[in-house]
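Asker: In our numbering, the protein residues as written are 63 to 263.
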């Protein structure tokens, strides 16, 4: 089943970062205005234990609310671990970054992935026009016998001011694309992933 995410991470502390993710049909529902880039390049704030985000998961076809997910930072340091739980789905696989901003275990894909070499979650330079390509391999979580090709392109496009239920934020809009990656499903003819992200550091 396909879902759309109109997501916000509502921080429990004022210093927390905000990551807003939108894909598929949800993009058109985010009020946004293009703005000039900040004069001083922003720095992504570090996570804190207890920091929490809440997501609405909606059906991409009819907008029906499918579940509400809560993510909580439970450990920080060289490795950042984020637990995930849905009101309906219950306990879900953890997200692991090593270090902050570099994804090791991505639970947002089906099936969840564990990369053999970490890849960035956001642009390494928070400015429009920046792009980068990263090549790695991944394993299906819990199935370490095989690994599969993964090539990720990150393209920073523009600074946008967006309005959400969590408030108004100045964000860097970027697109992460994994074209023609190798799927663990041998019957799949083509595998492409595209994430559109509004990131408030």
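Where is the CB? At the ideal position from N, CA and C, for every residue including glycine.
The structure presented is a predicted model; accordingly, all values stated were derived computationally and were not measured.
Any idea what DSSP makes of residue 251, helix, strand or coil?
Answerer: In this structure, residue 251 counts as coil in the three-state DSSP scheme.
Asker: Starting from the Cα of residue 240, find the closest Cα among 255, 189, 182, 162 and give me that residue.
Answerer: Cα-wise, what sits closest to residue 240 is 255.
Asker: Measure from the alpha carbon of residue 171 to the alpha carbon of each residue in 219, 129, 154, 104, then state which is nearest.
Answerer: It is 154.
Asker: Name the DSSP bridge partner or partners of residue 230?
Answerer: According to DSSP, residue 230 bridges with 225.
Asker: Mind checking residue 212: buried by the 16 CB within 10 Å criterion, or exposed?
Answerer: The residue in question, residue 212, is buried, as its Cβ has 16 or more Cβ neighbours within 10 Å.
Asker: Quick one: is the Cβ of residue 135 within less than 7 Å of any heavy atom of the ligand ADP?
Answerer: No copy of the ligand ADP appears in this structure; indeed no ligand is present at all.
Asker: State buried or exposed for residue 175, treating a residue as buried only when at least 16 other CB atoms are found within 10 Å of its CB.
Answerer: That one is buried.
Asker: Once you ignore the five residues that flank residue 187 on each side, which residues in its own chain have a CB closer than 7 Å to its CB?
Answerer: Same-chain partners within the cutoff: there are none.
Asker: Whole angstroms are fine: how far does the CA of residue 161 sit from the CA of residue 140?
Answerer: Approximately 5 Å between the Cα atoms of the pair.
Asker: Measuring CA to CA, which of 151, 235, 218 is closest to residue 119?
Answerer: The residue with the shortest Cα to Cα distance from residue 119 is 151.
Asker: Output the boundary residues of the beta strand (DSSP E) element that contains residue 153.
Answerer: Per DSSP, residue 153 belongs to the beta strand (DSSP E) from 152-159.
Asker: Note down, one range per segment and in chain order, each beta strand (DSSP E) of at least 3 residues found wholly within the region 102-142.
Answerer: Within the region 102-142, the complete beta strand (DSSP E) runs of at least 3 residues are 114-121, 127-137.
Asker: Measuring alpha carbon to alpha carbon, tell me which residue in 192, 198, 215 is nearest residue 167.
Answerer: Among 192, 198, 215, the Cα nearest to that of residue 167 is on 198.
Asker: Is there contact between the region 110-118 and the region 92-101, where contact requires at least three CB pairs shorter than 8 Å?
Answerer: Output reads no: the region 92-101 does not touch the region 110-118.
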